[in-house]
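**Student:**
There are 2 protein chains.
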Amino acid sequence: MAQYIDMDNVRFLLHEVLNVEQLCTLDRHKDYDKAAFDLLLESTKTYADNMLYPVFKAADEDPARYEDGKIYVHPSVEKIIRHAGESGAIGATFDYEVGGMQLPHIIYAAMSHIAQSANNSLTGYAGLTSGAANLIVTFGTPELIERFTPKMISGDWGGTMCLTEPQAGSSLSDITTYASPNEDGSYNIKGQKIFISGGDHEYCENFVHLVLARIDGAPVGTKGISLFVVPKMRKAADGSLESNDVLTAGDFQKLGQKGYCTTHLVFGEKNDSKGWLVGPMHKGLKCMFQMMNGARIDVGFMAASIATAAYHASLQYAKERPQGRRILEGGQKNLEAEQTTIINHPDVKRMLFLQKAIAEGSVSLLLQASLLHDLSTVGSEEDREHYHDLLEILTPIAKTYPSEVGRTAVNAGLQIYGGYGFCKEFPLEQYYRDIRIMSLYEGTTGIQSLDLLGRKVTMKNGQAMRVLTKEIIKDIKAATNYDDLKPYANSLSVASKTLEQTLMHLLQFAMSGKHERFIADANIFMEMMSNIVIGWQWLRMATVAKTAMVTGKMEFGEAFYASKIHTMKFYFKYELPKIAACQATLMHAEALTLKEETESVLV
Amino acid sequence: MAQYIDMDNVRFLLHEVLNVEQLCTLDRHKDYDKAAFDLLLESTKTYADNMLYPVFKAADEDPARYEDGKIYVHPSVEKIIRHAGESGAIGATFDYEVGGMQLPHIIYAAMSHIAQSANNSLTGYAGLTSGAANLIVTFGTPELIERFTPKMISGDWGGTMCLTEPQAGSSLSDITTYASPNEDGSYNIKGQKIFISGGDHEYCENFVHLVLARIDGAPVGTKGISLFVVPKMRKAADGSLESNDVLTAGDFQKLGQKGYCTTHLVFGEKNDSKGWLVGPMHKGLKCMFQMMNGARIDVGFMAASIATAAYHASLQYAKERPQGRRILEGGQKNLEAEQTTIINHPDVKRMLFLQKAIAEGSVSLLLQASLLHDLSTVGSEEDREHYHDLLEILTPIAKTYPSEVGRTAVNAGLQIYGGYGFCKEFPLEQYYRDIRIMSLYEGTTGIQSLDLLGRKVTMKNGQAMRVLTKEIIKDIKAATNYDDLKPYANSLSVASKTLEQTLMHLLQFAMSGKHERFIADANIFMEMMSNIVIGWQWLRMATVAKTAMVTGKMEFGEAFYASKIHTMKFYFKYELPKIAACQATLMHAEALTLKEETESVLV
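If you read the sequences in order, they're chains A and B.
Residue numbering for the first sequence follows the numbering used here, starting at 535 and increasing by one per position.
Residue numbering for the second sequence follows the numbering used here, starting at 535 and increasing by one per position.
As structure tokens, this is what we get:
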């Protein structure tokens, strides 16, 4: 079988970098220990090997499709959802009392990462069901929880989130799905939703949609949006399931993730679609965002998992494929010698390190974000706020960096295969297609960048930014314990100050009321800040690796740790310098993309 | 119909920037004038509108495929090849005496650019036939020319170039297709070739393959490679066509360019495949490279044409799609107002300018390269050498920049469509797939970068580099005639010096015999140098535009010229600063990708 993940890397991050065992001292997770975590990871890998990776390509070749009002998906979806229910994966992080396992988010995330590296599209069905159930568990009444979540946790019913509408796209202010109160406390739902992942198929007997809609007379904008649970089938008076007037109108045919259906749903065409309010009236977006933040981390993981799988496929190919010869002193080649394997060509090795730096840097950040999720729900209020602020500011980066730069990594991986990379026999072309959706899902890169610069960086007067900077400085200090890491620690310190300086420059616009100018290049700011955040991940990994080498406690073998340090160096040579370009652009005097300056010049 | 090109841009570049009319004073092109050129461009556009663009998506959905030993392609291929033959396009640049039109290469290139923007894959069949016929015309004996080229120029026979073999890939030293001399002066050809574009289909009665092979006993390496013409069908004693033992063994199924077949050919399975030597024995690679250089420019054009089409599709969408609201002073939005079209969001506008900067910058460079092709074949020996040197050093860049950075442009274009960009109903996902092959065709980016740094930059003791620098300085001086262009002229001058300084640093390695170290980061050097070369294109376009605005001779309207200047500014703000990062990487003290340093660290 082709390789798609390095389990040692997962274990290294969990145990040696992030010390997940700290969570086992908490009351919530006291039933777990290191061995239990490792067993879960190992069994996930076995399952992924046997059930997920083997249908990775098959589901792409037999895409989800719409016929006669129904969605058909790859037959393996049935087994995969069944397994997710039976193994407890869907409710893994939920409380025991609602049927969950109280597993830390970080462990569930690591398991998902393994599964998604094997198959990034078919794993989505259960993942989204988990998110939807979590929303009901968190904000729903006990009655709604009781009515919907057990069947979702068991995998019998699927769950979705319904935000996007054709006329509104990313602009949720403009959604026009309406909810009119019924006398029985339910609401009559009417409207259309598009791009609904996992919205319908034959292997779940019911679908539970979490729908954003406006109650009649609600205020304009996002402050008038409420959240409803709207099942495809509702319970009839006799206890059986009857139609709830949720029509499946189509399935979008996509560039990638073809095994994962993307549906168009019509609610209330016959004025008979009932929904129930989840959380407070007009506060639906706030509730949805609790799920959305988790979903953004999930998307980041999907992207990082694709980049991971692509890296291991390319690495394996580069080690096996003979081609060409090394260049000797003086520029000659020895034509009498056998061809070398391509991993020995500097440019191929550069692309491999680039893949590794991006993929493993992303996974490191995402696991840290998952740990912050766990930590932000326990401990003192001060602690929780600290971890919550960190998570808030890292979330748009953890979603965007793997999606955007992960695509660059996959692209490099494809290039390593040469012409074969473009061919269907090899997996890279599929990774190249699959990863492209990640910068669109759950808030495009543009939206994430506005969130980062326009909201997170400035929130609480810059509190989250200060907390993050402090964390980075702490790890820079730790690195300086080792002489040979000092130059890199210093580079990151300089980079961090460059970011601060650039931010100060931009904030002048916000302070003088020029908000459009302030956020005009938010994408470039995202590029710059995420580059530094990943540099931070690498410096921390290198420090842990160095400690292992110095102390001789090298559980994964010396090459593993040496590789971490080498890849950190690679990142600092090839990636970090890019922040200088971002700074130059962000501090450039000209505003070239505002309407006033550009009304007539694009022809 | 969707827009895919701006004809004014083509005319602006040809007439106002590159002054193609200068060619009409040459004896070779004396039958042409501006009106004739414009008529050819216009009729190409009409043809592209009516015949090529309408089957762009259809041919993708009905890909070339292999069944029962035959290749089936989209039925429109028949008409397209027929038209190429009848219109004279295949032999357009050839001498009158061999049935050509003696059209300047630059005009043929502009026509191809229009056609490829409408349909990048189905235009390949005739394009490659033209290249193959040109090779025979240039190096073949009169007898071979007479035997093969008339049927190729008429479009009855297809032409291909056969370099790649399964075990050799980019390493042509290692090809094992053999040629054994027959008594009749022909050679017996035996071997396999893969990735042969346009290698077989039902709409040509014969295929003429230009095949690289080793004559028995030839020296090892590329110095023992000869070039042969090997037809699929050969003339029998009775004058009819009989099989020449060229077997079609398969068609590679690809990520994109699905309408363009990519075949696997087996020569001489029955020991009965005859080939005829083209050019001198053992000098086949040199001959092939004459065609290859043209083919590299062609690939650059294909990429630039895809980026062009993607830009115009995105621009049209951004002008029509309402979504969201602009951010007002103080950061608020007016929720009572109607949604704005997305072109007014700074980030969307940034992506559009990015697309325009890359696409039009690429086309400008490629048309200049085509003009250099024309100029390098006329005039004094000194002049020809001057233009030839320039063309030599610009060729790898003209191939690579549109292929690599054009992909970034298409990616931005897809992002502008939001979720729809990932869906099959819109053209961007196809452009995203199609353009991916361009950095693999005709020498990967790695190969082009080695060519640029390891060969072109250093050739003739740096002569080509000096000539290019002189040209850039000349255009910098011209820009300084206008006060408001001075800052950009100055930036380019600084950038050019930064490149020189970086090159000097790298050359130390070459001079001390450390060639592998010298070329280890050739890709980064390519990125840096091509960035500057495109900056040069933009400065020149802006200078011409400024002159038009100052003199009031604005044939394409004021907005067109203003847009050129604005896009130049955009390029200098957003793209040019990236060279600083390249410099930092290239001048970094650590060598991290050489075998010795990295033997065991990739895990």
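Backbone N, C-alpha and C define an ideal beta-carbon position, used for all residues, glycine too.
Would you decide whether A652 (chain B) is buried or exposed? Buried here means 16 or more other CB atoms lie within 10 Å of its CB.
**Tutor:** Buried, because 16 or more other Cβ atoms sit within 10 Å of the Cβ of A652 (chain B).
**Student:** Alpha carbon to alpha carbon, how far is N543 (chain A) from A1012 (chain A)? Give it in angstroms, no decimals.
**Tutor:** Rounded to the nearest angstrom, the two C-alpha atoms are 21 angstroms apart.
**Student:** Spatial neighbours of V1067 (chain A) within its chain, please: CB distance less than 6 angstroms, with the 5 preceding and 5 following residues excluded, ordered by chain position.
**Tutor:** Result list for V1067 (chain A): I931, in chain order.
**Student:** Quick one: what's S777 (chain A) bridged to in DSSP?
**Tutor:** S777 (chain A) is bridged to A:M767.
**Student:** Roughly how many angstroms lie between the CA atoms of A720 (chain B) and L678 (chain B), to the nearest whole one?
**Tutor:** A small fix is needed here, since residue 720 (chain B) is Ser in this sequence, not Ala. Distance between the alpha carbons of S720 (chain B) and L678 (chain B): 11 angstroms.
**Student:** Nearest by alpha-carbon distance to F887 (chain B): which of A:R616, A:D596, A:K579 and A:L1128 is it?
**Tutor:** Comparing Cα positions, the closest option is A:L1128.
**Student:** What is the C-beta distance between G953 (chain B) and T698 (chain A), in whole angstroms, given that I count them as a contact (C-beta under 8 angstroms)?
**Tutor:** At roughly 7 angstroms, the Cβ-Cβ gap stays under 8 angstroms, so G953 (chain B) and T698 (chain A) are in contact.
**Student:** For the beta strand (DSSP E) that L744 (chain B) lies in, which residues bound it at each end?
**Tutor:** Unbroken beta strand (DSSP E) run through L744 (chain B): N740 to I749.
**Student:** Does F823 (chain A) come out as helix, strand or coil in the three-state DSSP assignment?
**Tutor:** Helix.
**Student:** Would DSSP call C558 (chain A) helix, strand or coil?
**Tutor:** If DSSP states are grouped into helix, strand and coil, C558 (chain A) belongs with the helices.
**Student:** What would DSSP say about S646 (chain A), mapped onto helix, strand or coil?
**Tutor:** It is helical.
**Student:** Less than 7 angstroms between CB atoms is the rule here; does Y1095 (chain A) satisfy it with respect to chain B?
**Tutor:** So no, Y1095 (chain A) is outside the interface.
**Student:** Find the nearest neighbour of D629 (chain A) within the set A:K564, A:A592 and A:M585, judged by alpha-carbon distance.
**Tutor:** It is A:K564 whose Cα lies nearest to the Cα of D629 (chain A).
**Student:** Mind checking whether L637 (chain B) and A623 (chain B) have CB atoms under 7 angstroms apart?
**Tutor:** Contact flag unset, no.
**Student:** Going by beta carbon distance, what residues of the same chain come within less than 7 angstroms of Q857 (chain B), once the five residues before and after it are set aside?
**Tutor:** Within the same chain, Q857 (chain B) has close Cβ partners Q873 and I876.
**Student:** Please determine, among B:A1093, B:E976, B:M1102 and B:E1005, the residue with the shortest C-alpha to C-alpha distance to P1021 (chain B).
**Tutor:** Looking at the Cα atoms, B:M1102 is the closest of the given residues.
**Student:** Can at least three beta-carbon pairs, one atom from the stretch 1082-1100 of chain B and one from the stretch 1026-1045 of chain B, be found at a separation below 8 angstroms?
**Tutor:** No: fewer than three Cβ pairs fall under 8 angstroms.
**Student:** Quick one: give me the first and last residue of the beta strand (DSSP E) that V812 (chain B) is part of.
**Tutor:** Counting along the chain, the beta strand (DSSP E) containing V812 (chain B) begins and ends at K808 to V812.
**Student:** F1104 (chain B) lies in the alpha helix (DSSP H); which residues open and close that run?
**Tutor:** Per DSSP, F1104 (chain B) belongs to the alpha helix (DSSP H) from E1092 to Y1108.
**Student:** Taking just the CA atoms, how far does A618 (chain A) sit from K577 (chain A)?
**Tutor:** Looking at the sequence itself, residue 577 (chain A) is Ser, so the reference to Lys does not match. When rounded, the distance between both Cα atoms is 13 angstroms.
**Student:** Go to G507 (chain A), then tell me how far its alpha helix (DSSP H) extends in each direction, as first and last residue.
**Tutor:** Residue 507 (chain A) cannot be examined here, being either before or after the span of chain A that is shown, 535 to 1137.
**Student:** Can the beta-carbon of A841 (chain A) be found closer than 7 angstroms to that of A891 (chain A)?
**Tutor:** No; because the gap between Cβ atoms is not below 7 angstroms, this pair is not in contact.
**Student:** Answer yes or no: does any C-beta atom of chain B fall closer than 7 angstroms to that of V991 (chain A)?
**Tutor:** So, not an interface residue.
**Student:** Return the CA-CA distance between N722 (chain B) and Y966 (chain B), expressed in angstroms with no decimal places.
**Tutor:** Cα-Cα distance, rounded: 42 angstroms.
**Student:** So, are the CB atoms of I648 (chain B) and I728 (chain B) less than 7 angstroms apart?
**Tutor:** Contact: no.
**Student:** Would you kindly work out how many angstroms separate the C-alpha atoms of G1047 (chain A) and G865 (chain B), rounded to a whole number?
**Tutor:** Roughly 7 angstroms separates the two Cα atoms.
**Student:** Sort out for me which residues DSSP pairs E601 (chain A) with in a bridge.
**Tutor:** In the DSSP output, where bridge partners are listed per residue, E601 (chain A) has A:K604.
**Student:** Within 10 Å of its beta-carbon, does L962 (chain A) have 16 or more other beta-carbons around it, so buried, or fewer, so exposed?
**Tutor:** L962 (chain A) comes out buried.
**Student:** Within 10 Å of its beta-carbon, does F741 (chain B) have 16 or more other beta-carbons around it, so buried, or fewer, so exposed?
**Tutor:** Buried: at least 16 other Cβ atoms inside 10 Å.
**Student:** Just to check my reading of the structure: Y1016 (chain B) and K1080 (chain B) have Cβ atoms closer than 8 angstroms, yes? What is that Cβ distance to the nearest angstrom?
**Tutor:** Sure, about 5 angstroms apart at Cβ, within 8 angstroms.
**Student:** Under 7 angstroms Cβ to Cβ from W1070 (chain B), same chain only, skipping five residues before and after it: list those, please.
**Tutor:** Taken in chain order, the residues that qualify are I1006, D1009 and L1026.
**Student:** Helix, strand or coil for D772 (chain B) per DSSP?
**Tutor:** Three-state result, D772 (chain B): coil.
**Student:** Just to confirm, are A593 (chain B) and L656 (chain B) a CB contact at a threshold of 7 angstroms?
**Tutor:** Contact flag set, yes.
**Student:** For I687 (chain B) versus G773 (chain B), is the C-beta spacing smaller than 7 angstroms?
**Tutor:** Contact flag unset, no.
**Student:** N878 (chain A) CB to nearest chain B CB: under 7 angstroms?
**Tutor:** Taking Cβ atoms only, chain B reaches closer than 7 angstroms to N878 (chain A), which makes this a yes.
**Student:** Return no unless some Cβ of chain B is closer than 7 angstroms to the Cβ of V754 (chain A).
**Tutor:** Taking Cβ atoms only, chain B reaches closer than 7 angstroms to V754 (chain A), which makes this a yes.
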